[in-house]
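Asker: Quick one: the structure is below, and I'll ask about it shortly.
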Amino acid sequence: MRDAVKRLGGDPEKINPVCPSDLVIDHSVQVDVTRSICSNLKNAPNPGGGRAKVMDGCQTCLEMCYRLPIHDPVCPFHHLASDCASALGKNQEIEFERNKERFLFLKWGAKALKNMLIVPPGSGIVHQVNLEYLARVVFSTDGMLYPDSLVGTDSHTTMINGLGVVGWGVGGIEAEAVMLGQPISMVLPKVVGYKLVGAMNPLATSTDVVLTITKHLRQVGVVGKFVEFFGPGVSQLSIADRATIANMCPEYGATVGFFPVDDNSLQYLKQTGRDANKIDMVEAYLKANNLFRDFTNKDQDPEFSEIVELDLSTVKSCVSGPKRPHDKVMVSDMKQDFQNCLDNKVGFKGFHIPKDKQSTKVPFVYDNQEYTMTHGDVVIAAITSCTNTSNPSVMLGAGILAKKAVEAGLSVKPYIKTSLSPGSGVVTYYLQDSGVIPYLEKLGFYIVGYGCMTCIGNSGPLDDSVAETIEKGDLVVCGVLSGNRNFEGRIHPLTRANYLASPPLVIAYAIAGTVSIDFETEPIGQSPEGKDVFLRDIWPTREEIQEVERQYVIPAMFKEVYAKIEEGNERWNKLEAPDSKLYPWDEKSTYIKSPPFFEKMERDLPPVKGVTSARPLLFLGDSVTTDHISPAGSIARNSPAARYLSSRGLVPREFNSYGSRRGNDAIMARGTFANIRLLNKFIGKAAPKTVHIPSSDTMDVFDAAERYRQEGTPLIIIAGKDYGSGSSRDWAAKGPWMQGIKLVIAESYERIHRSNLVGMGIIPLQFLPGEGAESLELTGKELYSIDLPEDLQAGQRVTVQVDGGKTFEAILRFDTDVELTYFRNGGILNYMIRRMLES
């Protein structure tokens, strides 16, 4: 934007944040190393008699010494571990190697831009850092007090609603405009009151509650609405519990999932080490303005557009999957449900494995040991994501379960990729002080990094022997994670079934080694003496967990961690970024490239244009996510992006991921619609392919878009319901723009993605209620045209002309007059540049 302003004769330094902007680097670290093994110590005797304390950084010593309980002195064999690097340290080292150019770019931004705080890599996940440290609840500036609020460039920004701060996710495009002082416009939402009553089952977790609520509200239908939680049941929920529920707001489709401030909120501010005077100010201000709530007082209940209710006592242990966050499965039904998934042919619960193939067992060798693998086996088990790692109750629950499992003689098969990636360093403190770390590590759950990791698809590679076995047997194997997303192809290309679960259940399924188990009737494993051990034998109660939490989760931990958060680490601090006001682009870089978004922009407004004789690049069905549109995971070796990188002299091990290369538009354009689980009706099977209509050639999507561009053919997308659900990924709009997409027509949109399309100047059309491609008998092989009048109106109907004389009406999904202004400018950022030039 600064370059564009300078080219058009303006002052580039006017492109600068005008409101406080915090950037947390949490998406770049990947699970490359999990269980560290020191060859020097692998066959060494137990040096501490099971009771030695080891130095930080030698995870293998932790495993070898197997210290119970922990106490001094330092392990005398530690000097032998010179070849040993902790999983955490190694992953951070690799993160810096891969992302050095990106980090330099961000450090340049911190220097060149005002009002910008950057939280360095390795500090935690943005939403958890916000909850534990950044959020003010009440803002104080220039002698004024007002309620804290925010927008964030990730859909799970809503997590802060659990602390009583109104915040929601927007696309990066819209957030950049907000940074420059542009207000957000939206249609006044309906507010759904979600009443919580009853008391939680002592064996249920907050994860079980949120998965139950997610399924319920998806059925109710709350897209574009605010949800506010109220009722006596709320007072039973800790702020961490509420934050877990608020975090998954995008999964149930609402704009916010809000919990007003009460006494629990103030207690959380104290627990996390906030300043006492500021807490007093927060309480006084909110009470004076009738914004403080007593959930047991019915007289304080607001009026809502509608009310739905959940009795917390009905919540039971559950997971969600295998492909969507709102497909809840009771743990008691899991075995039968997975079998049904194997039998089904289509849909979000289907894999259609023929009956004669469902019992396939493929032998393989891992670390000189023979194993077999079959459908339903777990190959990834990850305690990950701010959704759950922000919640001490479920994290300590996992630790207590691990302790009981180890004491019962249970273990996890070594080929299962296990990991623990907390959202902040505070988690490590209380897991360490409560004494559960050794037990987690004994089961393979080492701390591998502080970031989103597996939850956003940075699960890293599987061992070659495991990957080859899955492909050889065409197996439906599973990932189990404590995250918030499990869309197809997101967690790992080879895990076709992925389940969201609480951290204790992640460990339970890792021990079982399969999701095809009925924990009620089948043992989770056997003790060394051959005795059956059931999950109920090692499952901790809510009271048991709360007692440990009261003792070990204390304010001093939060103060110590966050006192150092802006200092960075040695690697970050050594990076020397340019001092220039304009970024000095490196033409040779494959990570950071000046994008073409403003190359053809002029100072004057372009005329309003419709679309004439456009071809559908893709013909899609329901629930196409932003992961389908713009995957963040690994770059396949046979993809257009891989070919581009190879042409620049890179070998496959240097390809990295789409997420790590989002600063290079050439790669991201080639990665658009490159998800291997994309189901395009032109193809009839999952593949990142499409058909070039005039020639009938089957091609990679990017290559087809390029051929259409060379032919001068404008492009559209035809889709079903919930188009663009999932992450608030701005590249899911930027990528289609770069491929020449002028218009999308869908049965319905997820809120953030529709906004992102508008932000890039792409027209969002919506079929009339009850209509769609199928009912209108569209094949997607026709030519499509729409005329747009000069006096465009928000939400007006327009006529779509299809070659052959067919026409139908659709709704123009510009929802506000401000969005019409963005469209006239060719996008929101173009509008902001013109505003800066005018001023």
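With this note's numbering applied, the sequence shown covers -11 to 827.
Don't be surprised by glycine CBs; every beta carbon is placed ideally from N, CA and C.
Because the structure is a prediction, the values reported are computed rather than measured.
So what does DSSP say about lysine 213, is it helix, strand or coil?
Answerer: If DSSP states are grouped into helix, strand and coil, lysine 213 belongs with coil.
Asker: Would you check if the stretch 299 to 311 and the stretch 179 to 186 touch, i.e. whether three or more CB-CB distances between them fall below 8 Å?
Answerer: Yes: the two stretches touch, three or more of their Cβ pairs being nearer than 8 Å.
Asker: Using a threshold of 8 Å, state whether the C-beta atoms of alanine 721 and isoleucine 172 are closer than that.
Answerer: Not in contact: alanine 721 and isoleucine 172 (Cβ atoms no closer than 8 Å).
Asker: Tell me the DSSP secondary structure of histidine 680 in three-state form.
Answerer: The answer is strand: DSSP assigns histidine 680 an E or B state.
Asker: Within 10 angstroms of its Cβ, does valine 175 collect 16 or more other Cβ (buried), or is it exposed?
Answerer: Exposed is the call here.
Asker: For leucine 608, which residues of its own chain have a beta-carbon under 6 Å away from its beta-carbon, when the five flanking residues on both sides are left out?
Answerer: Here the set comprises Ala707.
Asker: Whole angstroms is fine: what's the gap from tyrosine 810's alpha carbon to leucine 450's?
Answerer: When rounded, the distance between both Cα atoms is 44 Å.
Asker: Across which residues does DSSP place leucine 300 in a beta bridge pair?
Answerer: The partner list for leucine 300 (beta bridge, DSSP) is empty, contrary to what the question assumes.
Asker: At which residue ranges does the stretch 339 to 408 contain complete beta strand (DSSP E) runs of 3 or more residues, listed in the order of the chain?
Answerer: Qualifying beta strand (DSSP E) stretches, in chain order: 350 to 354, 357 to 361, 366 to 371, 405 to 408.
Asker: Taking 8 Å as the cut-off, decide whether the C-beta atoms of proline 702 and valine 788 are in contact.
Answerer: Not a contact, by the Cβ cut-off of 8 Å.
Asker: Just grab the DSSP bridge partners of tyrosine 295 for me.
Answerer: A quick correction: the sequence has isoleucine, not tyrosine, at residue 295. BP columns for isoleucine 295 point to Gly181.
Asker: Note down, in chain order, each residue of its chain lying with its Cβ closer than 7 Å to the Cβ of lysine 769, except the 5 sequence neighbours on either side.
Answerer: Hits under 7 Å: Ile681.
Asker: What is the C-beta distance between asparagine 855 and tyrosine 571, in whole angstroms, given that I count them as a contact (C-beta under 8 Å)?
Answerer: In the structure displayed, the chain extends from -11 to 827; residue 855 sits before or after that span and is not available.
Asker: Going along the chain, which unbroken runs of the beta strand (DSSP E) with 3 or more residues stay wholly within the stretch 425 to 506?
Answerer: The stretch 425 to 506 contains these whole beta strand (DSSP E) runs: 466 to 469, 485 to 488.
Asker: Under 6 Å Cβ to Cβ from glutamate 294, same chain only, skipping five residues before and after it: list those, please.
Answerer: Around glutamate 294: Val180.
Asker: For proline 305, does the three-state DSSP call read helix, strand or coil?
Answerer: The amino acid occupying residue 305 in the given sequence is serine; proline does not appear at that position. Serine 305 falls in the coil class under three-state DSSP.
Asker: By DSSP, does methionine 687 sit in helix, in strand, or in coil?
Answerer: DSSP places methionine 687 in strand when its eight states are reduced to three.
Asker: For phenylalanine 661 versus leucine 606, is the C-beta spacing smaller than 8 Å?
Answerer: Against a cut-off of 8 Å, the Cβ pair of leucine 606 and phenylalanine 661 comes out as a contact.
Asker: Once the 5 residues before and after serine 515 are set aside, which same chain residues still bring their CB inside 8 Å of it?
Answerer: So the qualifying residues of the chain are Ala396, Gly397, Leu398, Val521.
Asker: Among Gly749, Glu797, Pro619, Val210, which residue has its Cα nearest to the Cα of glutamate 807?
Answerer: Minimum Cα distance to glutamate 807 is reached at Gly749.
Asker: State the start and end residues of the unbroken beta strand (DSSP E) segment that holds alanine 602.
Answerer: Segment 599 to 607, the beta strand (DSSP E) holding alanine 602.
Asker: Should cysteine 7 go down as buried or exposed, given a rule of 16 or more other Cβ atoms within 10 Å for buried?
Answerer: Burial call: exposed.
Asker: Tell me which residues share the same chain as arginine 281 and place their Cβ nearer than 7 Å to its Cβ, disregarding the 5 neighbours each side in the sequence.
Answerer: Closer than 7 Å at the Cβ level, and outside the excluded window around arginine 281, lie Pro248, Val249, Asp250, Gln288.
Asker: Leaving out five residues on either side along the sequence, give the residues of the same chain with a beta carbon under 6 Å from the beta carbon of valine 222.
Answerer: Around valine 222: Leu184, Phe283.
Asker: If we call anything under 8 Å between Cβ atoms a contact, is proline 109 one with alanine 228?
Answerer: Cβ atoms of proline 109 and alanine 228: not closer than 8 Å.
Asker: Considering only C-alpha positions, which residue in the set Glu164, Glu89, Glu271 is nearest to leucine 848?
Answerer: Within the shown structure, residues of the chain are numbered from -11 to 827, placing residue 848 beyond reach of any answer.
Asker: Out of Ser743, Asp775, Lys95, Asn644, which one is the CA nearest neighbour of isoleucine 816?
Answerer: Among Ser743, Asp775, Lys95, Asn644, the Cα nearest to that of isoleucine 816 belongs to Ser743.
Asker: Got a sec, what are the start and stop residues for the beta strand (DSSP E) arginine 785 sits in?
Answerer: Taken as a continuous stretch (DSSP letters only), the beta strand (DSSP E) holding arginine 785 covers 785 to 790.
Asker: Please list, in chain order, all residues of the same chain as proline 511 whose beta carbon is under 6 Å from its beta carbon, the five residues on each side excluded.
Answerer: The answer, listed in chain order, is Asp520, Val521, Phe522.
Asker: Quick one: residues in its chain with C-beta nearer than 6 Å to the C-beta of glutamate 508, no 5 flanking neighbours on either side, listed in chain order?
Answerer: Here the set comprises Ser320.
Asker: Going by beta carbon distance, what residues of the same chain come within less than 6 Å of serine 504, once the five residues before and after it are set aside?
Answerer: If we look at serine 504 and ignore the five residues flanking it on each side, its Cβ neighbours are Lys323, Phe326, Gly364.
Asker: Do the stretch -5 to 2 and the stretch 374 to 388 make contact, defined as three or more Cβ pairs closer than 8 Å?
Answerer: With the cut-off at 8 Å, the stretch -5 to 2 and the stretch 374 to 388 do not touch.
Asker: Quick one: what does DSSP say valine 415 is sitting in, helix, strand or coil?
Answerer: Note: valine 415 maps to helix in three-state DSSP.
Asker: Per DSSP, which residues does methionine 132 bridge with? Please list them.
Answerer: According to DSSP, which records beta bridges pairwise, methionine 132 is partnered with Thr129.
Asker: Lysine 562: buried (16+ other C-beta within 10 angstroms of its C-beta) or exposed?
Answerer: Classification of lysine 562: exposed, given that the 10 Å Cβ count is below 16.
Asker: Going by beta-carbon coordinates alone, are glycine 159 and threonine 145 separated by less than 8 Å?
Answerer: It is not a contact, given that the beta carbons lie outside the stated cut-off.
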